Amino acid sequence: MTMMKRLLLIGFLIVLVLPCEADNILKGMDFTRGRWAMVGVPIHNYKLMPIQEEMKTFISYDHVLMANLQQNWNFPVTYDDHCDFHYALKFYQNNVLIRTYEINLYCKYISLEGLSYEFPPEQLEQFRVQATTIPWSRISFSDMQMLQRAIFTLEKNPDVYWYEDVNPYKYPGFIMIGVDKLPWNANLDSLRTSLSGWVSQQTGRSEFYLTEHFHYFQNEQLYVRYLVHCHESLSWKLPPGTFLPWRSHLFNQDSVVIVALGIDRDKYKRLMNY
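Just so you know, the sequence shown maps onto residues 11 to 284 in the working numbering.
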């Protein structure tokens, strides 16, 4: 065995025996401010767990419980994260989605933004007596005006929570813009803020919603694409050269589907005056 191979082997063994430092996965959320809700949504999985059928979709408004979880949920990073998920665990502040975790109860890990952490299943099972089961609805729209009406109507109800961000659908369509050849370590949050300011400056308008579509690296440089959700008239005010011209959210598809938590079909019909 050559000296280089010995060094590589020693380095590999050191990595194996070094313990993974635990991280507080709920850090950064202040449960003392505003109205918080924690919602667990079961996800279809090839390996279904009994607790999914027992608890179904659940909600808790218990600030003390959330603060206790924040204090105790210190888990080490794991790289054994090849399984599908059983639950999406979502935290809302004043009905605004703040953070989403995904949990696998069989392979025992929880994931957030590409990182996974060891997660004992009993940490979820404690919610059996500390949370309430709620309904949810998957609603399909083939008309943008009806979709926007539903969003504005349901948002007036404090017991309704969106599974995903519906702000893009408050506008009838979108364009794609982007930035190329940035330093690989550019701050994406700062970039989004700067690009939002640029759109406002170019158009003289603030009625739009900017979301990151994707980003990638090439030759150690960062390329980012954003969707500007807006009315078509705003897109006319931007300089030529956008990566994608304005399109309706219904472009190339028959309908848009949104998922509302905390509401069943009958309540939806009552709120919408059907």
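Each residue gets a CB set at the ideal place from its N, CA and C atoms; glycine is no exception.
Remember, predicted model here, so these are calculated numbers, not experimental data.
Checklist entry - Would you call residue 114 buried or exposed, if buried means 16 or more other Cβ atoms sit within 10 Å of its Cβ? => result buried
Checklist entry - What's the C-alpha gap between residue 57 and residue 119? => result 14 Å
Checklist entry - Is the distance from the Cβ of residue 126 to the Cβ of residue 94 below 8 Å? => result no
Checklist entry - With a Cβ-Cβ cutoff of 8 Å, do residue 170 and residue 273 count as a contact? => result yes
Item to check | Where residue 96 falls, given that 16 or more other Cβ within 10 Å makes a residue buried | outcome: buried
Checklist entry - Rounded to the nearest angstrom, how far is the Cβ of residue 102 from that of residue 47, given a contact under 8 Å? => result 5 Å
Item to check | Between the CA atoms of residue 33 and residue 27 - distance to the nearest angstrom | outcome: Since pLDDT at residue 27 reaches only 38, below the 50 mark, its modelled position is unreliable, and no value is offered.
Checklist entry - From which residue to which residue does the alpha helix (DSSP H) around residue 209 run? => result 198-213
Checklist entry - By Cβ distance below 6 Å, which residues in the same chain neighbour residue 19 in space, the five residues on each side in sequence not counted? => result Low per-residue confidence applies at residue 19: pLDDT is 38, beneath 50, and the placement is therefore not dependable, though the value from the model is reported in the following sentence. Result list for residue 19: empty, nothing under 6 Å.
Checklist entry - Residue range of the beta strand (DSSP E) that residue 224 falls in? => result 219-228
Checklist entry - Does the pairing of the region 132-142 with the region 242-251 give three or more beta-carbon distances under 8 Å? => result no
Next on the checklist: With H, G and I counted as helix, E and B as strand and the rest as coil, what does DSSP make of residue 255?
Outcome noted: strand
Checklist entry - Identify the residues that DSSP records as bridge partners of residue 50: which are they? => result 68, 99
Checklist entry - Can you tell me the Cα-Cα spacing of residue 228 and residue 188, whole angstroms? => result 15 Å
Checklist entry - Nearest to residue 105 by alpha carbon, out of 143, 122, 165, 146? => result 165
Checklist entry - Near residue 202, which residues of its chain fall below 8 Å by C-beta distance, leaving aside the five closest residues on each side in sequence? => result 220, 222, 236
Checklist entry - Does the beta-carbon of residue 270 have 16 or more other beta-carbons within 10 angstroms, so that it is buried, or is it exposed? => result buried
Checklist entry - Which one or two residues does DSSP pair with residue 146 in a beta bridge? => result 271
Checklist entry - What residues are listed by DSSP as bridge partners for residue 87? => result 127
Checklist entry - From this set, 193, 230, 158, 45, which residue's C-alpha is nearest residue 177's C-alpha? => result 158
Item to check | Contact between the region 63-74 and the region 147-154 (3+ Cβ pairs under 8 Å) | outcome: no
Item to check | C-beta contact flag for residue 215 and residue 244 at 8 Å | outcome: yes
Checklist entry - Does DSSP classify residue 42 as helix, strand or coil? => result coil
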